[in-house]
Each structure stands twice: as C-alpha cells, then as structure tokens.
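Asks: Here the protein sequences come in this chain order: A and B.
Take 2 as the starting number for the first sequence in this note's numbering and just add one per residue.
Take 5 as the starting number for the second sequence in this note's numbering and just add one per residue.
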Amino acid sequence: MSGDTLWVAVVVASVGCYLLKLAGMSVPATWVEQPWVARVVDFVPAALLAALVAVQGLTSDDRVVVDGRLAGLAVAALALALRAPFIVVIVLAGATGAGVHVLTG
Amino acid sequence: MSAADRTRTLRDAVGLGVAVGLYGIAFGAAADAAGLDAWQALTLSALMFTGASQFALVGVLGAGGSAPAAVGSALLLGTRNTVYGVRMAPLLAPRSALGRAAAAHWVIDETTAMAVAAPDRELGRLAFWATGATIYLGWNVMTLVGALGASGLGGTAEAALDSVVPAAFLALLWPRLTARGSAEPGVQRRVALGGAVVALALTPFVPAGVQVIVAVVAVALAGRPGTAERPA
C-alpha cells in the first residue's frame, strides 16, 4: 500500500471518528438512547476486539497459522487472569513471541 | 467542592494519564509494525485520539487489509464515543459551538468513566478536562516514542512485536468479559467467541480485514432483540 493511500486512510478514519464523537455531543439524546442502539454499541467492541485478536494472533495473509503469537496470547491471557498491569501483559507476550522465534529459528 | 476533592480528582486523572500513556508506546510500535511511519502514527494519536479505533486501523492494515476495511473497523469501534457524547453533553454543557467541538475531541472511554464517577457535576467537569489533558499529552508523546523505538528492529524483535499486537487487543477485550468490567460478562463472552470464530472461518475466503467487519455485523444480527435478552 502506498504512503498516499495510508495517509488517506489515516485522515479519513480520524475525521470520521471525530465526527462520531461530535455527533454524540450534538444530537438529541432520544435519538441514541434506543434500547437496540444501546445493545449494539455495548456488544460491538467485544465482537470486534475478539475478531482482531483472532486475526492478528492466528492468521497470515489468507491462512490460519499457528506460531509464536499463539504462545504469546496464551501467556497474555494467563497474565490478565492474574490481573497483571497492561504493560506487564504486553512485555510477557512480546518476550514469549521472541523466545519462540529464537527456539524455532 | 473542597480543595481535598479537587486534589484527589487531579491526582486520579494524572495517574490514569500516565498509565494510559504506556498503551501509547504499544500503539506506536504496532503502527510501525503495520507499515505506518512515525508521522502517520502521531497523526492518528493527535487527530483520532481513541485508542481501540487506532489499534483496529493499524491492526487491519498490518494484516494486509484494504484501506476501506481498516477505516470501517476504526469507525465501528468509534461509535462507542457517540454514546459517551450523549451522556457527557449535559454534564459538560458547552456554551458555544467551539466549546462543544473542543470538548468532543476528548470524549473517550477514560474521560467519560472519570467524569461519570465523580461525586458532583463540578468535579465531573474537572475530572473530564484533567483526565483528557493528561491522557492527550501522554498518549501522543508515548506514541512517538513507540513508533521511533520500533523502527529498525531485527528479526527477533519483530517476532516480539508480532506477539505484542494481538496481546494488546486481548488486554483491551479482557475487562469486557469479566464480572468486574461488564454487567453481562456471560453474553459478552459469547459475543467475543462468536466474533473470533466467524473472523477465523472467513479468513481464507474474503480479503484481509473484511472478515473482521463481517464478524461484527454477523454477531450484531445474531444478538438482535429476543435472542439477546436471555440471562447470562
């Protein structure tokens, strides 16, 4: 992807996200406070973040791939279950991925 | 509003800002891994300024996804802030269109949580502006540190970075699946599992990044009124 395309994506997404914030500050509350809107907004992050975990951790191009990233995810999950702070989770996952890379060459 | 209340609010805001700044390093590194330069990473932190959307954009681009798929993922996660804005508008009560435009930029997870948790409206406003200012500063500075620090790394360090990105998403997701962070952890877990399974199943068949958006739409449709009302 060219640098120009990246810049367009960066700027369009940034402006779009800002307008979503501004819309909330501007529209009548009754427009947004519908039960179905509340439910969708409540569940979109979980579905999207989980999809991103799966795609980032287990795929490469159009294939499902198991490598050091899965080991990193397992270690991260364990650290999160033990209520480790964010930075500890990240460092442990990174160290695990690097370790698998060194061991498997 | 007593001086002690003000001090406590400011201390909490600064503490949160420092902690969130550390996410900024991870974001800068993730942006670099996805092929963005430091200016693009910094532009996202300064202009978009909503962490999960920023991670989603670089995550999809890093997985080889198209620009529209990446932008779509960022916008889907950005809809959260619309609902926060509705909640924050009466509390902040901006006097002018300019004031509204300025306040809107800082309406994110952390500022909303801090403002809503404050004991009264005046402290809520203080919490919003103090948290927003601290996080904005820390997030942008740390994004630059992460982006510059990650460029020019060797193979082992890149493997480490490859493992950092999914772990960062998992860390963002985790509180939503626990009883401490969500009113309906059981439903959230089913939603998360559904999103992950659909995304993986579609990966061989659709362009990179599109599976993420389709997974969200599929899960949202499956959770339409009626099926979503079951107790967790």
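Glycine is no exception: its CB is placed at the ideal position from the N, C-alpha and C atoms.
Let me see if you follow: with CB-CB separation under 8 angstroms, is valine 41/A close to chain B or not?
Replies: Yes, valine 41/A counts as interfacial toward chain B.
Asks: Count the other CB atoms within 10 Å of the CB of arginine 194/B; is the residue buried (16 or more) or exposed (fewer)?
Replies: It counts as buried.
Asks: Please check if any C-beta of chain A sits within less than 8 angstroms of the C-beta of valine 216/B.
Replies: Yes, valine 216/B lies at the interface with chain A (some Cβ there is under 8 angstroms from its Cβ).
Asks: Which residues does DSSP pair with alanine 60/A in a beta bridge?
Replies: With the sequence shown as reference, residue 60/A is identified as threonine, and alanine is not the correct amino acid for it. Beta-bridge pairing links threonine 60/A to Val65/A.
Asks: Within the 8 angstroms Cβ cut-off, does serine 3/A reach chain B?
Replies: Taking Cβ atoms only, chain B never reaches closer than 8 angstroms to serine 3/A, which makes this a no.
Asks: Contact check, alanine 45/B vs alanine 35/B under 8 angstroms by CB: the rounded distance?
Replies: Confirmed, Cβ separation roughly 4 angstroms.
Asks: Between leucine 206/B and the rest of its own chain, which residues show a CB-CB distance below 8 angstroms, the 5 nearest in sequence each way excluded?
Replies: Val214, Gln215, Val218 and Ala219, listed in sequence order.
Asks: Using only CA atoms, which one of Leu21/A, Gly106/A and Ala82/A lies nearest to arginine 184/B?
Replies: When each option's Cα is compared against that of arginine 184/B, the closest is Ala82/A.
Asks: Would a check of beta-carbon distances place asparagine 85/B closer than 8 angstroms to chain A?
Replies: Interface residue, yes.
Asks: Leaving out the 5 sequence neighbours to the left and right, which residues in its chain are closer than 6 angstroms to alanine 122/B when beta-carbon positions are compared?
Replies: Answer for alanine 122/B: Gly128 and Ala131, listed in chain order.
Asks: Looking at C-alpha atoms only, which residue of Leu141/B, Thr86/B, Val168/B and Asp16/B is the closest neighbour of valine 54/A?
Replies: Comparing Cα positions, the closest option is Val168/B.
Asks: Within 10 angstroms of its Cβ, does glutamate 114/B collect 16 or more other Cβ (buried), or is it exposed?
Replies: The residue in question, glutamate 114/B, is buried, as its Cβ has 16 or more Cβ neighbours within 10 Å.
Asks: Short of 7 angstroms in beta carbon distance, which residues of its chain neighbour arginine 125/B, apart from the five on each side in sequence? Order them along the chain.
Replies: Closer than 7 angstroms at the Cβ level, and outside the excluded window around arginine 125/B, lie Leu95.
Asks: With a CB to CB cut of under 7 angstroms and the five nearest residues on each side skipped, what residues in its chain are close to alanine 85/B?
Replies: In the sequence as presented, alanine is not what sits at residue 85/B; that position holds asparagine. Answer for asparagine 85/B: Thr54, Val111 and Ile112, listed in chain order.
Asks: Closest to alanine 23/B by CA distance: which of Arg10/B, Val145/B and Ala187/B is it?
Replies: With distances taken between Cα atoms, alanine 23/B lies closest to Val145/B.
Asks: Can you tell me whether isoleucine 217/B is helix, strand or coil according to DSSP?
Replies: Here isoleucine 217/B sits in helix by DSSP.
Asks: Can you check whether the CB of alanine 78/B is closer than 8 angstroms to the CB of leucine 65/B?
Replies: Against a cut-off of 8 angstroms, the Cβ pair of alanine 78/B and leucine 65/B comes out as no contact.
Asks: Threshold first: 4 residues or longer. Then list the alpha helix (DSSP H) segments lying entirely within the stretch 111 to 164 of chain B, N to C.
Replies: Within the stretch 111 to 164 of chain B, the complete alpha helix (DSSP H) runs of at least 4 residues are 113 to 121 and 125 to 154.
Asks: Nearest by alpha-carbon distance to alanine 17/B: which of Ala107/B, Leu81/B, Ala161/B and Gly142/B is it?
Replies: With distances taken between Cα atoms, alanine 17/B lies closest to Gly142/B.
Asks: May I have the straight-line CA-CA distance separating glycine 68/B from alanine 7/B, to the nearest angstrom?
Replies: Each residue's alpha carbon lies about 52 angstroms from the other.
Asks: Contact criterion: CB-CB distance below 8 angstroms. Does glycine 95/A meet it with respect to chain B?
Replies: Yes, its Cβ sits closer than 8 angstroms to a Cβ of chain B.
Asks: State yes or no: is the C-beta of arginine 64/A within less than 8 angstroms of the C-beta of glycine 98/A?
Replies: No.
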